[in-house]
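Student:
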Amino acid sequence: MIVYIVRRLLQAVPQLVIISIVLFALMQAIGDPISTLGARVPPRPEEKARLRRMLGLDQPAYMQYVVWLIGNDWLKLDMDGDGVRETPGPRRGILRGDLGNSLVTRQPVVTMIAERLPNTLLLMVTAEVVIIVFSLLIGVYSAIKRYTPVDNVITAGAFVGFSMPVFWLALMMMYLFAVNFKRWGLPYLPTIGMYDPAVGQTLGEVVRHMVMPVATLSIISVAGYSRYVRASMIEVLHQDYIRTARAKGVREWLVVYRHALKNASLPFVTLIGLDIPFFLAGAVVTEQIFGWPGMGRMFIDHTNRSDFPVLMGILMFIALAVVVVQLLTDVTYSFLDPRIRLN
Amino acid sequence: MRLQKSSLWSVVSTLVAGALLASACTGATATPAATEVPANTQSPANTQAPANTPAPADTVAPDPTAGPDFSGSATITFVQEPDNLNPLYTTMWFSALTTQFWLKGVWSFDDQSQPYPELAAEIPSAENGGVSEDGQTITIRLNPDVTWSDGEPLTADDFVFTYDMVMSDQNIVLSRAPYEDYVTSVEAADPQTVVVHMNSSYAAWLTTLFTVVLPKHILEPVFAAEGTLDNAEWNRAPTVGVGPFVFTEWEPQSHMIFTANATWIRPPKLEQIVVRMSPDDAAQEAAILAGDTQIGAFLDASQVARLEADGTVQVAGTPGGFDESWFLNVNPDTAHPAMLDVNVRMALALATDRFTIVQDLLDAEINPVNATFWDNTPGYATETLEPYPYDPAEAARLLDAAGWVDSNGDGTRDKDGVELVLRYITNERELRKNVQAVVQQEWAALGIGTELVNHSADIFWNDFTNGGPQAKGEYDIAQYSSSPLGPPDPEASDGWRCNQIANADKPDGANWQGYCNPDLDALFDQQAVTADPTARKAIYKDIQQVMYDDVIYIGMWKDPDLWSIHETLHNVRLSGPTPFWNAAEWTSDK
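Top line first, the protein sequences correspond to chains A and B.
Residue numbers for the first sequence follow our numbering, beginning at 2 and rising by one.
Residue numbers for the second sequence follow our numbering, beginning at 38 and rising by one.
(1) Distance cutoff 8 angstroms, beta carbons only. Does residue 477(B) sit that close to anything in chain A?
(2) Name the residues in the region 606-622 of chain B whose C-beta lies less than 8 angstroms from a C-beta of chain A; which are they?
(3) For residue 171(B), which residues in the same chain have their Cβ closer than 8 angstroms to its Cβ, ignoring the five residues on either side in sequence?
(4) Is it buried or exposed for residue 182(B), if we count other Cβ within 10 angstroms and need 16 for buried?
(5) Using a Cβ-Cβ cut-off of 6 angstroms (strictly less than) and excluding sequence neighbours within five positions of residue 146(B), which residues of its own chain qualify?
(6) Over the uninterrupted beta strand (DSSP E) stretch that includes residue 590(B), give me the two end residues.
(7) Which residues in the same chain as residue 445(B) place their Cβ atom closer than 8 angstroms to its Cβ, once the five residues preceding and following it in sequence are excluded?
(8) Would you kindly work out how many angstroms separate the C-alpha atoms of residue 100(A) and residue 499(B), rounded to a whole number?
(9) How far does the alpha helix (DSSP H) with residue 309(B) in it extend, from its first residue to its last?
(10) Looking at residue 363(B): is its Cβ nearer than 8 angstroms to the Cβ of residue 478(B)?
(11) Answer yes if the region 120-130 of chain B comes into contact with the region 208-216 of chain B, meaning at least three C-beta pairs across the two stretches below 8 angstroms, and no otherwise.
(12) From the DSSP output, read off the bridge partner residues of residue 334(B).
(13) Name the chain B residues whose beta carbon is nearer than 9 angstroms to that of residue 90(A)?
(14) Where do the ends of the beta strand (DSSP E) carrying residue 233(B) lie?
(15) So, with DSSP's three-state summary, where would you put residue 278(A)?
(16) Under 8 angstroms Cβ-Cβ, which residues of chain A neighbour residue 546(B)?
(17) Show which residues of chain B have a CB atom less than 7 angstroms away from the CB atom of residue 209(A).
(18) Just tell me which of 594(B), 592(B), 617(B), 624(B) has its CA closest to the CA of residue 605(B).
(19) Could you compute how far the alpha carbon of residue 21(A) sits from the alpha carbon of residue 3(A)?
(20) Which of helix, strand or coil does DSSP assign to residue 214(A)?
(21) What first and last residue would you give for the beta strand (DSSP E) that runs through residue 491(B)?
(22) Shorter than 8 angstroms from the beta carbon of residue 313(B) to some beta carbon of chain A?
(23) At 7 angstroms on the CB atoms, spell out the chain B contacts of residue 289(A), in chain order.
(24) Can you check which of these residues, 563(B), 416(B), 406(B), is closest to residue 424(B) by C-alpha distance?
(25) Mapping DSSP to helix, strand and coil, what is residue 160(B)?
(26) Within 8 angstroms (strictly less), CB to CB, does residue 150(B) reach chain A?
(27) What residues of chain B sit near residue 105(A), judged by a beta carbon separation below 7 angstroms?
(28) Using a 10 Å radius around the Cβ and a threshold of 16 neighbouring Cβ atoms, would you call residue 15(A) buried or exposed?
(29) Determine whether the Cβ of residue 327(A) lies closer than 8 angstroms to any Cβ atom of chain B.
(30) List the residues of chain B that residue 85(A) touches, going by C-beta distances under 9 angstroms, in chain order.
(31) Using the rule of at least 16 other Cβ atoms within 10 Å of the residue's Cβ for burial, across every protein chain shown, is residue 188(B) buried or exposed?
(32) Under a CB-based cut-off of 8 angstroms, is residue 81(B) close to chain A?
(33) Check for me: the beta strand (DSSP E) holding residue 515(B) runs from which residue to which?
(34) Specify the secondary structure class of residue 303(A) as computed by DSSP and reduced to three states.
(35) Taking only beta-carbon positions, decide if residue 33(B) is within less than 8 angstroms of chain A.
(36) For residue 284(A) and residue 125(A), which I take to be in contact (beta-carbon distance under 8 angstroms), what is that distance rounded to the nearest angstrom?
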């Protein structure tokens, strides 16, 4: 197993290098970060030229990639525009742990990710727990009670839930539970943010602000995932070893939850494994609408500003997470199904 | 090796607990950003300030015997988060808005767009000796009562330092305007007197000089140690400022908090102002309706009716200098040949029912059709000029007379074998796409063909070198909302000067319409050095007449900045150039 893990990690190195080259090439097409700088009046052309020179954006793309990779402290830059390179570069490059600075906020990308990541993990992990619990409960119940009226209602509900666009669901919930409940004098939920700054970041405040974003993220996923669990359970419940277990007089709940669910959960684990790296990416639409200060919102904000150092930082971080989590998922398979041998 | 169940659970629970803990620990970390004051705090006609403009009457003078008594909190939402709080490193309007709380400039503009002194003791003028006879030296006398929020005196050295930092090659500042082009030196004549030497009489000084100042005692050591201010902690956590409030906290993508500054010359009434970030327009509207925010900024005209119907919110518009505009390409090298004929351009104006467009797609009261580029720049609109009327019959007659007739019967006019199909470009905003569709139909009825193109914002604004469609002249009509460089100052001349036409020899040229009129150039030259506001207004009247007669600009509608103000917030008087100028006077029921 250890050999297997080491081999997979070594394979990841060229994988990540190729990913970084492809991503950097794609970054050349996302737009010009100097074109507006977020201002309502575009900067004057001579200011643009000065900024391009000072930020190194006048260099060819391959050179910018090299600087991103290994830094530019071995180079000299022409900061005053006199054609003479006199100032040593400040970058150390990603290989030495420097993901660069945002062109927009001037902050180190590492700092920006570190600020947003806990918020995103809090939202996404909570949502994923809700998704797993409800998908299993609904999926298993639906499988056991298949083709009964209850199952049919659940099936219909799942299709409705799965069909709802996330932005629509989020805004409808906001108008119902925040705006209208307040008007009607009912207990209501807050509209935006992670907590009310006037109250402070207390546990109660964060939980209140999490209810709608978590519900938004969960409803659609539960609707989809519970169908996987149901289908998988129905298949397993028909197998011989289940019949054998029942014939031996094993209690029904043990048959369902110990014997059947364990095997039926393999496809579900695959789905969860695919989800986990994207915890780090955050939920773009949900975070945007509910004003949740997370990674997804940072990604979209900085995409709009063509801030490629931040985008590269986030994307490489996710790429690394995908590699690691896929490895962990494979390891988990062998735990769930002893027949799988990784070596 | 096989993972045990217990270790799997501990990994999962550690992850969740870690996320909760890390999230709970981030509460008080402040990372503020500041804005660079918009180049837009210029006052129109007021480039020469009225002598001895007093502070507005409603900015109550402090009673030195009374202790500050702050109460209440105001909440504002921004749909875009400031990227930086150091004004040297941002050009974002939202960042500039906050400086009225914590980093005042030498003067601000009230709700009549009139300047009044903040850090200065008076507005410089020829009468008080603040403006030299040749207009090339501005002397700013500081108010001796003003101190930084940490109690350190504000002196002329702070201004010299600010100028040095703007011009330093070690600082990658976003804009050096106007210092790079006009200012030759800034000196501290004495601790309370700043003298600005310029290379010419510069009419826009009032709206561009020292709209902000940096605290030398805080930032000079940083510059000395790091060789640059690019990464200074103060840029995102400027805990020392000069204004009615002090920066306290910035939780990125969540909120900023500014608390009352008892040392400010006119102490505020509110205890704190909270700025919350709500990036989604619809979510901001919900927050406004739910009363979670008391001021909503940068609203869309389509939201006005819904918000006002609620009864708890008032919508206000301020003249920020912006007008939705059509810029016509008249460059003989790139434009459609028909665009070079003034009668065809006039026909395009007459063929477009802009009055119905604003009625159907916007709010005709808030967004009336404008006549000139300066209609929303207070003091500079030429009231005698009316928007071109809607007169399709006259448009058809002009086109016929110009020789553009449908000779081949394909439904589109043509001349000398060239079809009259015009390229009409704008960005990807839905409203503009709708306008394009309406115009396409109206013009088709007159035999004018259109090619509608929508560019993403970054491509739309790209310069000549980077293939920008406007800069390269790959259009006949370009639509967007535009303003003078620093409203309320009217200066925008580079967009129409002969020597600014963008081409391979002048790739950084700002004139993307290819228009060249020596008479207009002369008027622009004249206004740039005319310090007397009345005389400058008269020149602008002539400028607008020339452009109106030549039909190189067609106004679509006035584009004021729209705000919602909740009934629980009082005394809010917003201005166009410095919207939150009277924040010290605000009171709140919350």
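All residues carry an ideal CB built from backbone N, CA and C; glycine is no exception.
Small disclaimer: the values here were computed from a predicted structure and weren't measured.
Tutor: Put simply:
(1) no
(2) none
(3) 238
(4) exposed
(5) 80, 152, 612, 614, 615
(6) 590-595
(7) 451
(8) 27 angstroms
(9) Not the alpha helix (DSSP H): residue 309(B) falls in the beta strand (DSSP E), residues 309-314.
(10) no
(11) yes
(12) 600(B)
(13) Those within 9 angstroms of residue 90(A) in chain B number zero; the least Cβ separation is about 12 angstroms.
(14) 230-235
(15) helix
(16) 46
(17) Correct list: empty, because the minimum Cβ distance to chain B is about 12 angstroms.
(18) 624(B)
(19) 27 angstroms
(20) helix
(21) 486-491
(22) yes
(23) 316, 317
(24) 406(B)
(25) coil
(26) no
(27) 120
(28) exposed
(29) no
(30) In chain order: nothing, as chain B lies at least about 12 angstroms away.
(31) exposed
(32) With a pLDDT of 34 at residue 81(B), under the threshold of 50, the predicted position of this residue should be treated as unreliable, though the coordinate-derived value follows. Chain A contact via Cβ: absent.
(33) 514-519
(34) helix
(35) Because chain B here runs from 38 to 627, residue 33(B) falls outside it and cannot be looked at.
(36) 7 angstroms
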